[in-house]
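Only one structure is covered here, and it is reproduced in the block below.
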Amino acid sequence: MAVKIKLKRLGKIREPYYRIVVADARTKRDGRAIEEIGKYHPKAEPSLIEVNSERVQHWLSVGAQPTDPVRVLLKITGDWQKFTGEPGSEGTLRTAEPRADKKERFAAAAKESLASKEAKEAKESRAGTQARAARPARDGAARDGAAKGSTAKDGAKADAEETRAAEAAGDDAADAKAAAEDPGSGA
315 MAVKIKLKRL GKIREPYYRI VVADARTKRD GRAIEEIGKY HPKAEPSLIE VNSERVQHWL
375 SVGAQPTDPV RVLLKITGDW QKFTGEPGSE GTLRTAEPRA DKKERFAAAA KESLASKEAK
435 EAKESRAGTQ ARAARPARDG AARDGAAKGS TAKDGAKADA EETRAAEAAG DDAADAKAAA
495 EDPGSGA
């Protein structure tokens, strides 16, 4: 029986992760496995590769053949070099930094948020006092200008009304004068 060390795909669409398994070469990709010896998460940053080195060495020694993708993973972990006797058995595996405790991360984020909020409030209060100091003069001038503009408008309206009234009165006076000069007009 030909035994392969291959990847068994799991996960969602566009979110794959794999188990490194030892299986009969004739089984399906995601079919029954003899043994699971590791896992691989390619979407993680850096990629997560966990391999049980003892079991890999055992299966390689009894003749199991790794597929090409698994061989690349074993070279990264250094297990392939260990098996073939090549230098570099320490591998080039990058590991993620250990994440801080959730409570510590929350406390740090809360402290940072509070500090930025206080800085923002201090900046606004400084800008607010400067704006308040300069604003009354501008607002007062704007109000005075608006008041002058409104009186000018009101004055223009009044002048126009007086002109119309004078013209109307002038027309009436002109009609009366014309009627006085021409007694036969019947008016």
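Residues 315 to 501 in this note's numbering are what the sequence shown lists, from first letter to last. Where is the CB? At the ideal position from N, CA and C, for every residue including glycine.
Closest to residue i by C-alpha separation, out of the options, would be which residue?
i           : options            : result
residue 333 : 327, 343, 339      : 343
residue 325 : 356, 318, 341, 368 : 356
residue 336 : 416, 417, 378      : 378
residue 330 : 319, 414, 361, 317 : 361
residue 316 : 340, 328, 327      : 340
residue 407 : 327, 365, 322      : 365
residue 346 : 328, 363, 321, 369 : 321
Could you tell me which residues DSSP pairs with residue i in its beta bridges?
i           : result
residue 324 : 331
residue 318 : 337, 379
Assuming residue i and residue j make a contact with CB atoms under 8 Å, what is their CB distance in whole Å?
i           : j           : result
residue 351 : residue 373 : 7 Å
residue 392 : residue 375 : The Cβ separation is near 16 Å, so there is no contact.
Might you give, ordered along the chain, the residues of its own chain that have their beta carbon closer than 8 Å to the beta carbon of residue i, omitting 5 neighbours on each side?
i           : result
residue 348 : 317, 335, 336, 337, 338
Considering only residues of the same chain and omitting the five flanking positions on each side of residue i, which have a CB-CB separation below 7 Å?
i           : result
residue 323 : 330, 332, 343, 344
* Uninterrupted beta strand (DSSP E) stretches inside the region 336-398 (no shorter than 3 residues) -> Runs of the beta strand (DSSP E) inside the region 336-398: 349-355, 362-365.
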